[in-house]
Each structure stands twice: as C-alpha cells, then as structure tokens.
Amino acid sequence: MSKPPSMQEVIMRLHEFWAAHGCTIWQPYSEKVGAGTMNPATVLRVLGPEPWNVAYVEPSFRPDDGRYAENPNRMQMHHQYQVILKPDPGNPQELYLASLEAIGLDRTRHDIRFVEDNWESPALGAWGLGWEVWLDGQEITQFTYFQQAGSLPLDPVSVEITYGLDRIVMYLQHKTQVWDIDVDGQHTFAELFRDPEVEHCVYDFELADVERMKRLYEIYKAEAEACIARGLTIPAHDYVLRQSHTFNLLDARGAIGVTERAKFFADMRAQAKAVAELYVEQRRKLEFPWLKEGEKGRGGEGETEREEEITQSPISNLQSPNPQSFLLELGSEELPPQDVVDGIAQIEEKLKALLAQYKLGYEGLRVTGTPRRLVAFVSELAPMQADEIVEKRGPALAQAYDSLNQPTKSLEGFARGQGVRVDQLEVRDNYVYAIKRVAGRPTAEVLPQLCLDLLNGLRWGKAMRWNSSGIAYSRPLRWIVALFGDQIAPFTWAGVASGNVSRGPRFADAAARLPAGGFTTFTIRDAQSYFDAVAAEGVVVDREERRQLVAELVQQAAASIGGSVPDELALLDEVTDLVEAPQALLGTFEAKYLELPAPVLIGVMKKHQRYFPVLKHGTLINHFVAVANSNELAHPDVVREGNEGVIRARYADAAYFYRADTARPLEAYSPRLATLTFHAKLGSMLDRVERLKALAPQIAEMLGASVEEVAAVARAAELSKADLMTSMVIEMTSLQGVMGEIYALKSGETPAVAQAIREQYLPRFAGDDVPASRAGLALALADKLDALSGLFAVKAIPTGSADPFGLRRAALGIVNSLIATRTDFSVRAGLEAAAKLQPVTVSAEAITETAAFVERRLQGVLAEEGFAFDVVDAVLAARGDNPTAAVRACRALNETVRQPWWNDAFTAYARCARITRALDEQLPLNEAAYVEPVEHDLHAAYLAAAGRISAAVEPAVVLGETLRDLQAPINAYFEHVLVNAEEETLRRARLALVQRIAGLAAGVADLSRLQGF
238 MSKPPSMQEV IMRLHEFWAA HGCTIWQPYS EKVGAGTMNP ATVLRVLGPE
288 PWNVAYVEPS FRPDDGRYAE NPNRMQMHHQ YQVILKPDPG NPQELYLASL
338 EAIGLDRTRH DIRFVEDNWE SPALGAWGLG WEVWLDGQEI TQFTYFQQAG
388 SLPLDPVSVE ITYGLDRIVM YLQHKTQVWD IDVDGQHTFA ELFRDPEVEH
438 CVYDFELADV ERMKRLYEIY KAEAEACIAR GLTIPAHDYV LRQSHTFNLL
488 DARGAIGVTE RAKFFADMRA QAKAVAELYV EQRRKLEFPW LKEGEKGRGG
538 EGETEREEEI TQSPISNLQS PNPQSFLLEL GSEELPPQDV VDGIAQIEEK
588 LKALLAQYKL GYEGLRVTGT PRRLVAFVSE LAPMQADEIV EKRGPALAQA
638 YDSLNQPTKS LEGFARGQGV RVDQLEVRDN YVYAIKRVAG RPTAEVLPQL
688 CLDLLNGLRW GKAMRWNSSG IAYSRPLRWI VALFGDQIAP FTWAGVASGN
738 VSRGPRFADA AARLPAGGFT TFTIRDAQSY FDAVAAEGVV VDREERRQLV
788 AELVQQAAAS IGGSVPDELA LLDEVTDLVE APQALLGTFE AKYLELPAPV
838 LIGVMKKHQR YFPVLKHGTL INHFVAVANS NELAHPDVVR EGNEGVIRAR
888 YADAAYFYRA DTARPLEAYS PRLATLTFHA KLGSMLDRVE RLKALAPQIA
938 EMLGASVEEV AAVARAAELS KADLMTSMVI EMTSLQGVMG EIYALKSGET
988 PAVAQAIREQ YLPRFAGDDV PASRAGLALA LADKLDALSG LFAVKAIPTG
1038 SADPFGLRRA ALGIVNSLIA TRTDFSVRAG LEAAAKLQPV TVSAEAITET
1088 AAFVERRLQG VLAEEGFAFD VVDAVLAARG DNPTAAVRAC RALNETVRQP
1138 WWNDAFTAYA RCARITRALD EQLPLNEAAY VEPVEHDLHA AYLAAAGRIS
1188 AAVEPAVVLG ETLRDLQAPI NAYFEHVLVN AEEETLRRAR LALVQRIAGL
1238 AAGVADLSRL QGF
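In the numbering used here, the protein residues as written are 238 to 1250.
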C-alpha cells in the first residue's frame, strides 16, 4: 500500500481538483471565524445573482469545543476546507465524492453516507438544508444548499461543501487521533498545534474575563455600526465577526443565558443583514459584472426571472387497449428519514384521490421508498378514463317554449352552450335538461397532468430550492421514471424530464470507477419489471422488507456473541430510511467506558451514531451494531474499525463531560439556572424551581403522600432542573432528568429524591413509562401544572402545529400519568394551586381555559380506548376534572348501555330528568305532602337507590342496575300522578322527588348527553 498523503498534500490535491472544476483558490480570512462560511468568499459572495465557484482552507475557532487536547478529534481550533458552487452544477454530490477519490480515499473500501443535518447560523441570518457526510460513521463534511444568508433569500442557491480536514487526514493516515497526523512530512499535528490548543483552552475556559469580553463586544458592535453607516462593507463584516467570536468566548465561560443569547443573535443578525444589503447594492451599482451578457437583466434576491415552473412535453401515441401497470419513481439526493415516511404516506393518499378524480380504474396501488427514491406502482391501470354522464339544468319549462310551443331564444342559447340540439334536450320536473355522455380520454393522455398534480400537491416539513425552476422539494430531485407499460409518460417538473432511466445506489457508483461527477444508471424496460430491475442493482426498495431485514441483521450480529438488541423502534425506523441496502456490522469499544452510566453510552450510540446497543443478560456490554449502506461490503473490517474509532472519540467526550460534571455536587449547578430564561414574563428556570419547591409538596399532599414522601418531593423539586446546566445534558438534552438522577445519587441524595428527579419528565411520549413513585408523580404533575398555568396566563398557547413549550405533551402527560397510576386527582385544584405561585395574574378564565385544554386531551385518550362518543361526552360533563374517575365511569357506563334492559330503564329515568331540567333550585323532599300510594312507593325506591349509590365504592358501577330497579316505580308514578299539580305544595313535593331521581347520576355522568335522551 502506498504511503498516505500528508495533510499538506491533501490540501494541494483538493486545490488541484476544485481548480480543475472551475473554482478560484482563495485564502483563509484574516479574522477569527467559527467556520469557513464566515469568510466573505462565502457569506457575501453567495449573495446576488452572479456565478461564483471558490475553494479554500479555513482555520476555524469554536471555543466551546476545546478539550485541552484530550479528545482524539475535537478541538477549539480545527481546519475546514470550504467549497462554494454557485449555481448548483447539477451533480455536486458526485463531484464531492470524486474529490475524496482524488485525495486517496478508495470509496469501495468504505461506507459513505449523506445523513440529514440542516445548518443554521442565527448570528448571520443564514440557513440551508443538507447533510453531514459520514465516512464509516465519522462525520467528515457538512454539505448544504444555502437558502438564505444575511437574512436575504438566495437566488441562485449555492452549494456549500465544508470538509472536516483534520478528521479526513486522520482517517487517510490511519491515525486514531489528530495529534498524530503527518502535516508536511516533517512535523506532526501535535508538534504544530497541541500547545496552542491547550493554551487557548486555558484562556477560553479559565482566563477570559467576562466583563472585559462584554465591553469588547459593545466596542465591536459600535464599530460595525459606524462602518455600516459609511457604507464600508468588509470592515463592517470584520467587526461582526469579532462580535461573533467574542460571543463564543462568553458562551464558553457560561455567561450567556437564553434571553441574552436571543439578544446577541438579534443584534448580530441585524448587522449581518445590513452588511449583506450593502454588498448586494455595491454589486448592483456595478451591474453585476460577473453575469454573462444574457443574464444582465437579473437583479438581486427575489428578482430573478424564473423559467416555467412546470412544463409538459408533447404526448406521444401511448394508447393501449388493455390495462397496464404504471410506475412513478421520484429520484433525489438523500431524503431525511422522516420525509421518506411522509412521502410514502402522501403519495399513497394523494394518488388514490387523483386516480378517482381522473376516473381511472385500477387493481392495486403500492407505494414505497428509500432515501433516494419514492416509488408508486399502479397495477392493471385502465387504458381509458371512465365515460362521464354530465347533466345540466336549463331554463324552466315556462321560459323554454313560447305560446306556440316553439323554443325560445333562451332555450336555443342553452342548447348551443351545451353543444346539443334542441330536440336532444329532456324535460323533467318542469325544467329542461341537457344530458351528455363525455367520453373518457386515453389514460396515456391524462397521466402526465395527473403526475404534475401529484407532485405539486406534495408538502414537506422543510422544503428547499436548488435550481432555476424555483420549485421546492425535500431534497434536490435528480431523475424521474414514469412508465405506463413500456412507454414513457412524458412531463417535466422542477426542471427534470421524466424518462425510463433510473440511477444506481451509491455503492454501485463507487464500484464503477466513474469520471468525476459521474453516476451509474440502469434502464427500466417496462413498469412491470421495475422491482426486479432495482433489486438487481442491490437496492431493497420495499420499505417494510428493508425494515425487517435491518431488524434481522442487527439481531443476528448481536447473537453472534451471545447478545441481543433491545427494542428500539424509533431507531429501527430511522436506520431503515438511511440505507438502500442494509449490512450489519458488530463493533466493539474499550471496556473502560462501561464505567460511564449506561444511559449515557446508549444515548451517544443512538443520537450521534444511530448504533444499536448490545445487551447480555439485560446488561449493556462493550459492543454495538452499526448498519452500513451496501449489499455487500468489500472491506467490512475497514468499515468496522472506522465506526469503532468514532465511538471511541464520542465516549472520550462523554467521559470528559462526566468527569467535569461530577467534580461538583448537583446542587452547585442550580444557581446558574438564573441565566436560563423559561419565559420572559414567567422568569428564569431558577424562578421556576422556586415555584416547584412550593407547589410540589402541595401536590404530594393532595395525592395523600406520607411525611417522608413530601420531604423527598420538596428536595427533588429543589434539584429538579440543576442537571440542565451540566455539560452532559447540554450536549444531549434527551438525558435531562436521567442525568439528574445519576448526579443526585453521586452527590449523596437519597434514592427517593433521585428517582423523583428523573420521573418528573415522564411520560415523554405515547407509551412511555409513567412515574413509579408518589414523589415522582407529585413532581411530574407540579412541573406540568406550573407550565400550563403560567403559559396559558401569558397567552403562550399552542396554535395549529406550533407548540414550542410542549403544552399538549404536558397535558397528555398529566392525563396518562393519573390514569396509569389509578390516581384520583382534581386537575382544576392543581391548576389553582399553581396559579397562586405565578409571577403574573392568572384569571379565573385562564384557569378554566387550561382545565378545558387538559380535558380535551382526556377526551382523546378515552376515544382511543374505544368508548362510545356519547358515553365519553356524558362522563366528561361530570368527571372531566378527574381523569382516573372518568375512565372508571366510562368503563361502567359503556357496559351498562349495552345491556338489553337499558333502553327501557333509561327512558324511565329520562322522564324524570326532562321534567325537572328547567328548575333552577334544589327542591326539598316533602313526603308528608304525598296523596297517592305510588308516591310513597317511589319515594321509598329512591331512598334505597340513593343509599346503594352512596355506599358503593364506585357509584358508576351500580348506577345502571339502580336505574333499572327504579324503572317500574317511575313508570307507575307517571301513570297515576300529575307531577305539575295545580296546588303548589303538592307540585313542589312531586317535582322534588323526580328531581332527586334525576340527580342520582350526578358525579358520574350527565345522562342527558347520551343518545336517545
């Protein structure tokens, strides 16, 4: 094997490669930047309509990433290689992959993938959609289609490729840490950069003076404003960069709270926008000199003349007398996993509707997909649309014919407009009708427009532009296959023409040794042969088949060492949609890392690497399973070793965080919560902790907690949010509460306190665990009640799909926790207790609105349980404030209304309820006023019924049978007695008795809401 290239040689090869593809070779910028993006060659040159291709090395500084040179590949100063391609050349991913070959990376030996990672710079007002590129699990590049910079939309869109130069060279040289890199054949990375790295870490984390930094920031801000006022674009940009680096230093020192962070970003973003506008205006005054002559009329952002967004090719003669299969394949750069799922669901729903709308019969519809292709297959699609009978009503008969029974001009005009003769019109119901049979068009003629309608109807969580069509899709669309039988259904969408040529998977491109920018293709003979053709390329196109295969391969890999993989359904779904052909690899890591808490190890595996943890006898062992994208890896050991190196670095980072976090007791982190804003009107997270300290013990007492449990919840509330300020939770927010429990135990807190800290966040999602301890349940309820009460009071209420504070989840968590633990609890009482502690006034209306919000979540839970709608409605009217009691009542009432005797018993009860529902007072019983024996009989029956219900542990269980026993006395009563007697005393006595019977269901359900009342 030839000697790996030095870092210097890698840079030279990248320069040569990109220069050969039209890039200007630029230089690093003179200011400290957080990324190559901030160099004016990127952040300014992407603005405006002028083409611009550039490549350069950029030393980038991110103080918070410093690790005192203890991490294998994470440093506060790292080197990026930055490439900008403006506009998109059409094959930027393929060019990028070819550049890896140019620097000596053999793609056939590795697993290279594009994994969703969207980029945003709040300070620069810039964002884009794209991926991080993984090389055997290691992130080596950020690949982004810029959508906005300087708060200005970009047109054309630029492609940004940011190589992690140090990591790539480390990999090429087979080093386990960047410090061993050969930089130039003479010096190692450590010799040149380790001492400055350590010194910068000492400065960044220990020495940088917060007050001086804040003063510097204000000075830089003022200088930037002065430069902007004078129209000095580059000097102004320089001072914005200095502000950005100063902000990063303050952040590393832990001096930036949430509110301050938002203000800093807003200030820098406003100045970055002003700089961007200055730059665009400068180029406009020069008439955008780099535009070609035919493009001179183009202006700045949003002013580009767009080509037709949708064009349709001429339709060839595709008519066929027989049903045929139809195939639509939408080929793109790698879709985000969720968009694969959403795309499949959307296409299935919308295509069914369109086929019905277009009156096209078919036998079956199959929709599936991979990260690179969404596929719809329609079997036995009819060759013609169904004929349609169109009926139009014309003038009334009196206006259609004159006195001589001759057609009027009105009738003749109607017939002419409908394209029929007068004698073909029909008379019906005193009106004239035109009835026409509209012959269906050939399917081949309507398919192109149907496909356009389908594509135009797709919607994505985040969509992007990438070419001059201006059309947005989840990721750049690169090819379309549309076949009706063996003929192409021709149309063009987003600048892509349909055809019969698909593209091969990435691993096929690597094996083909193509010229730079090339990709493999294969021709689809006809729609029916598509699935065989794509399978021959090594692609498992059926999502369910691929998901099952991933699950089987992962378990097989774990079983090879006597282990197993726990159910990780969300991870399984994500991995399924990251690959076109799965291959599982069993990896290992140093056993010393098992000293770290298992949730940390598993969290790192799942969040950062999408690895499956391996257990043996229920305990985590030092193995993992990675899933590569290949039907058959040529060098699996190379890929395995690469993934093992990645997890080694990740765990080194986790160990660094854990050591730093456990150097202090958990309670030492609480004061810093003052810098973390919960809501501008509700105070900081520390303010929220103070409220929880008061509220949680009250909730515990409402739950009937013991003195010990109340004490435990009080202490847990005091520590409840402290872990939010630890390095581990800042790095992985999903571990909030989990790390709180671990750090609490390390700090000497009792197990009950530690458990409650973890349980406060439960349940986190549908089907999740609920608090198992009473202290945990009390803290969980207090946490959610405080959030709901305060945020509803300040009108931070969920709207549509927007729920930034997770209030729907909080309300559902209250409902599910109470039901699962079978705990009776008044939600309103809890909200009222929380309201008294808020720093703002919580009106009675706000409490009612919040209680109704929680009740709607309860309604949804009861509906999902299968209870009848009217039963749920009736129960919620009486027990909507107590979820657990509501469930008991629904179960009992749902069973009652199914009984054969119920209708008759309910009819009798309803007579009592109807006649008294207008009463606005509770009438006193007066047995002495009765004059008929049936009155005394019913009175006695009522007392027995009331006693039975009162004595019942759960009144809902006996209510139905109790009403059944009252049926006969009630019917006899109404048969012999006039309730609304003329004499007032008698009338009130009779009304009082039936009113009491109507009230037997009070506290269980409002039976007037049941069907049949």
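Even glycine gets a Cβ: it sits at the ideal position worked out from N, Cα and C. Fair warning: this is a prediction, and the values are worked out from it, not measured in the lab.
Could you check which residue in P803, V604 and E617 has the C-alpha nearest to that of A582? V604
Identify the continuous beta strand (DSSP E) that holds T470 and give its terminal residues. Unbroken run through T470 is the alpha helix (DSSP H), T470 to A489; no beta strand (DSSP E).
S553 to I725 span [Cα, whole Å]: Low confidence applies here, because S553 scores a pLDDT of 46, under 50, leaving its location unreliable; read the following figure in that light. Each residue's Cα considered, the two are about 9 Å apart.
Taking three-plus beta-carbon pairs below 8 Å as touching, is the region 251 to 262 in contact with the region 279 to 287? no
Buried or exposed: which applies to N880, given that a residue is buried once 16 or more other Cβ atoms fall within 10 Å of its Cβ? buried
Please report the Cβ distance between Y767 and V837, rounded to the nearest whole angstrom; I am assuming they are in contact, meaning their Cβ atoms lie under 8 Å. With a Cβ gap of about 45 Å, Y767 and V837 do not count as contacting.
Close-in-space but distant-in-sequence residues of the same chain around I1234 (CB under 6 Å, 5 per side omitted): C1149 and Y1179
Check A314 in the structure and name its three-state DSSP category. First, the residue type needs correcting, since residue 314 is Met and not Ala in the sequence shown. Three-state DSSP puts M314 in a strand.
Rounded to whole angstroms, what's the CA-CA distance from E268 to V512? Just pull it up for me. 16 Å
For H1176, the first and last residue of its enclosing alpha helix (DSSP H): P1170 to A1188
Proximal residues to D1061 (C-beta, below 7 Å), its chain only, five neighbours per side dropped: N1119, T1121 and A1122
Exposure of L444, with buried meaning 16 or more beta-carbon neighbours within 10 Å: exposed
Coil, strand or helix - D890 by DSSP: helix
For I418, does the three-state DSSP call read helix, strand or coil? coil
Checking the sheet assignment: what are the DSSP bridge partners for Y293? Q319
Whose C-alpha, out of L806, P834, R1001 and Q793, is nearest the C-alpha of Q820? Q793
Nearest-angstrom Cα separation, counted from G722 out to D403: 52 Å
Are the beta-carbon atoms of L1025 and V1091 separated by less than 9 Å? yes
Taking C-alpha atoms, which residue in A788, L1068, L822 and A835 lies nearest to H872? L822
As a quick exercise: from S1080, A1083 and A1115, pick the residue whose alpha carbon is nearest that of Q1096. A1115
Since L591 and L695 are thought to touch, with beta carbons under 8 Å apart, how far apart are those beta carbons, to the nearest angstrom? Contact doesn't hold; Cβ gap of about 12 Å is too wide.
Could you tell me the distance, in whole angstroms, from the CA atom of T1058 to the CA atom of A989? 17 Å
List the DSSP bridge partners of Q561. L618
Give a yes or no on contact between the region 910 to 923 and the region 971 to 983, applying the rule of three or more CB pairs nearer than 8 Å. no
State the beta-bridge partners of L751 as determined by DSSP. L751 is not bridged to any residue.
Can you check the region 576 to 612 for any beta strand (DSSP E) of at least 3 residues that lies completely inside it and give the ranges in chain order? 601 to 607
The alpha helix (DSSP H) spanning Q643 covers which residue range? Q643 -> no alpha helix (DSSP H), and no H or E assigned at all.
If contacts are defined as beta-carbon pairs under 8 Å, then V812 and I761 qualify, I think. What distance do you get, rounded to the angstrom? Actually they are not in contact, since the Cβ atoms of V812 and I761 sit about 28 Å apart, beyond 8 Å.
Sequence-distant residues of the same chain with beta carbon closer than 6 Å to P1192, five excluded per side: I1186 and V1241
Which stretch, first to last residue, makes up the beta strand (DSSP E) that contains A719? L714 to F721
On the criterion of 16 or more Cβ atoms from any shown chain inside 10 Å, does H1176 qualify as buried, or is it exposed? buried
State the Cα-Cα distance for the pair R452 and A492, rounded to the nearest angstrom. 13 Å
Check the DSSP bridge columns for K673 and list the partner residues they point to. V627
Pairwise C-alpha distance: R1001 and S971: 10 Å
At which residues does the beta strand (DSSP E) containing S735 begin and terminate? V733 to G736
Apply the 10 Å Cβ neighbour rule to W527 and answer buried if 16 or more other Cβ atoms are within range, or exposed otherwise. exposed
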